[in-house]
Ligand SMILES: [Zn+2]
């Protein structure tokens, strides 16, 4: 695991600590306001604390009041408090901490109970709220826009392709799903993917569906268009700002890099050199990528040069998409429905 995960989880822990502090503070403020209205409640609280101390002394074998008497006194105080709150129309929950997630009290972790017969407590497990937060964090850094997050394999519509191309495209879909499954499972994949074909054949859809599947499995997938990639490389080199450093870390260490729409514009020598370094770095660490392009293989070689071409294509499975322009088909369908 890269230290991307460490950074993210440290950030989350910090956020949660701050939130817990805030929730505790809010409770104390509510309590102080209620006690200002009903001063007897403060006395009850102090008496209960004193009882607790007596019980603790007993537990340590020190001289203290009789246990039954202490418990009876405690129950009487609790009843009195309840009655006072009721008389003033105050919900007892006001005196409790209002956790965002009552299941884990916002810690993110749940300690399973020790079952009878078990001598060791089972290890704590992640709460559903933490799992959700992890996915939200992964999406936040993924570069996937909201509409892209909707582009999942189960929404890939084969019927927009001409009937004769559907079996072929179904096979392309299957290969993309298998690739996504392997990356999501943390397996070392044998090759990267290049999605190749004309405009509007569903390249971006498939590339983002792969990224979505990886994120849904709690792994880091990042989506870059070529101009975004060039911008990160430039910022990291010439401005060395936080955005550039962070972007570079994502380019180098993410579990999956999606580079969408590798275009016909020739990259500058600097960008080409840096792209070469990024690809090499990922190859050495067996970190896969998906590249989509509407260029042909000879065009890729011509525009990006032999060194990048051999890294990019030599270690990739090239999937050539077929069909009509999907966007045109969808637009025609919408029009014919009116
Ligand atoms: Zn929780």
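Residue numbers (the numbering used here): 1 to 338. We put the CB at the ideal spot given by N, CA and C, even for glycine.
Residue i: beta carbon under 7 Å from a heavy atom of ligand 1?
| i | result |
| --- | --- |
| residue 130 | yes |
| residue 137 | no |
| residue 108 | yes |
| residue 127 | yes |
| residue 103 | yes |
Just tell me which of the options has its CA closest to the CA of residue i.
| i | options | result |
| --- | --- | --- |
| residue 318 | 155, 31 and 296 | 296 |
| residue 224 | 206, 187 and 291 | 291 |
| residue 108 | 126, 98 and 118 | 126 |
| residue 35 | 66, 95 and 70 | 95 |
| residue 248 | 98, 281 and 269 | 281 |
| residue 315 | 239, 168, 191 and 40 | 191 |
| residue 208 | 200, 166 and 152 | 152 |
| residue 133 | 242, 5, 334 and 260 | 5 |
| residue 71 | 61, 47, 84 and 89 | 47 |
| residue 104 | 20, 258 and 217 | 20 |
| residue 178 | 75, 169 and 189 | 189 |
| residue 307 | 273, 283 and 64 | 273 |
| residue 301 | 156, 65 and 263 | 263 |
| residue 293 | 309, 283 and 285 | 309 |
| residue 78 | 3, 66, 299 and 40 | 40 |
| residue 328 | 287, 199, 242 and 304 | 199 |
| residue 286 | 257, 305 and 265 | 257 |
Taking its Cβ as the centre, do 16 or more other Cβ atoms sit within 10 Å of residue i, making it buried, or is it exposed?
| i | result |
| --- | --- |
| residue 289 | buried |
| residue 112 | exposed |
| residue 236 | buried |
| residue 267 | buried |
| residue 254 | buried |
| residue 250 | buried |
| residue 14 | exposed |
| residue 54 | buried |
| residue 213 | buried |
| residue 22 | exposed |
| residue 219 | buried |
| residue 320 | exposed |
| residue 76 | exposed |
| residue 202 | buried |
| residue 92 | exposed |
| residue 11 | exposed |
| residue 260 | buried |
| residue 62 | exposed |
For residue i and residue j, which I take to be in contact (beta-carbon distance under 8 Å), what is that distance rounded to the nearest angstrom?
| i | j | result |
| --- | --- | --- |
| residue 313 | residue 172 | With a Cβ gap of about 17 Å, residue 313 and residue 172 do not count as contacting. |
| residue 311 | residue 276 | 7 Å |
| residue 162 | residue 323 | 6 Å |
| residue 222 | residue 336 | About 38 Å; that fails the 8 Å criterion. |
| residue 144 | residue 230 | With a Cβ gap of about 19 Å, residue 144 and residue 230 do not count as contacting. |
| residue 135 | residue 216 | 7 Å |
Just to confirm the assignment, what range does the alpha helix (DSSP H) spanning residue i have?
| i | result |
| --- | --- |
| residue 9 | 3-37 |
| residue 90 | Premise fails: residue 90 is in no alpha helix (DSSP H) and is neither H nor E. |
| residue 269 | 269-284 |
| residue 158 | From DSSP, residue 158 is part of no alpha helix (DSSP H); its letter is neither H nor E. |
Could you please give the first and the last residue of the uninterrupted beta strand (DSSP E) stretch that includes residue i?
| i | result |
| --- | --- |
| residue 224 | 221-225 |
| residue 308 | That residue, residue 308, is in no beta strand (DSSP E); its alpha helix (DSSP H) goes 297-314. |
| residue 293 | 289-293 |
| residue 329 | Taken as a continuous stretch (DSSP letters only), residue 329 belongs to no beta strand (DSSP E), being part of the alpha helix (DSSP H) at 326-337. |
| residue 261 | 256-262 |
| residue 62 | Counting along the chain, residue 62 falls outside any beta strand (DSSP E), and DSSP gives it neither H nor E. |
| residue 131 | Per DSSP, residue 131 belongs to no beta strand (DSSP E); it is in the alpha helix (DSSP H), 128-142. |
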